[in-house]
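One structure below.
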Amino acid sequence: MAWSWRYETEHGEALDGGSLPGELFSSRGDAESWLGENWRSLVEGGAARVTLVEDDRAVYSMSLDEPA
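Here the sequence shown is numbered in full-length UniProt numbering, starting from 1 and rising by one per residue.
Below is the structure:
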């Protein structure tokens, strides 16, 4: 199993990952920990949302907006 993040616009459209990292993770926990450490740089790179993907299956999506 490989875990990864798909980067998206605020409307859920996939972004071209050219300038965004294309990390692969061996576990869900590793992927989620990485996101917790790197989400701000993803926002700076143009991502507004992310979707966690296991192999080819979308697991969940979430916004990268800071809490109010």
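The C-beta atom is built at its ideal place from N, Cα and C for all residues, glycine as well.
Checklist entry - Does the beta-carbon of Val50 have 16 or more other beta-carbons within 10 angstroms, so that it is buried, or is it exposed? => result For the purposes of this step, residue 50 is identified with residue 50 of the sequence shown, where counting begins at 1. Counting Cβ neighbours within 10 Å, Val50 comes out buried, since at least 16 surround it.
Checklist entry - Since Ala31 is in the alpha helix (DSSP H), which residue starts that stretch and which ends it? => result Residue numbering aside, residue 31 sits at position 31 when the sequence shown is read from its first letter. Counting along the chain, the alpha helix (DSSP H) containing Ala31 begins and ends at Arg28 to Glu44.
Next on the checklist: Between which residues of its own chain and Glu32 is the CB-CB distance below 8 Å, once the five residues before and five after are set aside?
Outcome noted: Walking along the sequence shown from the start, residue 32 turns up at place 32. Leu52.
Item to check | Separation of Met62 from His11, as counted between CA atoms | outcome: Locating residue 11 in the sequence shown gives position 11, where the first residue counts as 1. Locating residue 62 in the sequence shown gives position 62, where the first residue counts as 1. Looking at the two C-alpha atoms, the distance is approximately 11 Å.
Item to check | Residue from Ser27, Gly18, Glu66 and Asp55 whose Cα sits closest to the Cα of Val43 | outcome: Working through the sequence shown from its first residue, we reach residue 43 at position 43. The shortest Cα separation from Val43 among Ser27, Gly18, Glu66 and Asp55 belongs to Glu66.
Checklist entry - Relative to the C-alpha of Ala47, which residue among Phe25, Leu35 and Asp55 is closest? => result Along the sequence shown, one-based indexing puts residue 47 at 47. Per the Cα distances, Leu35.
Item to check | Proximity to Leu64 [Cα-Cα], best of Asp55, Ala58, Gly45 and Asp56 | outcome: Within the sequence shown, the letter at position 64 stands for residue 64. For the residues Asp55, Ala58, Gly45 and Asp56, the minimum Cα distance to Leu64 belongs to Gly45.
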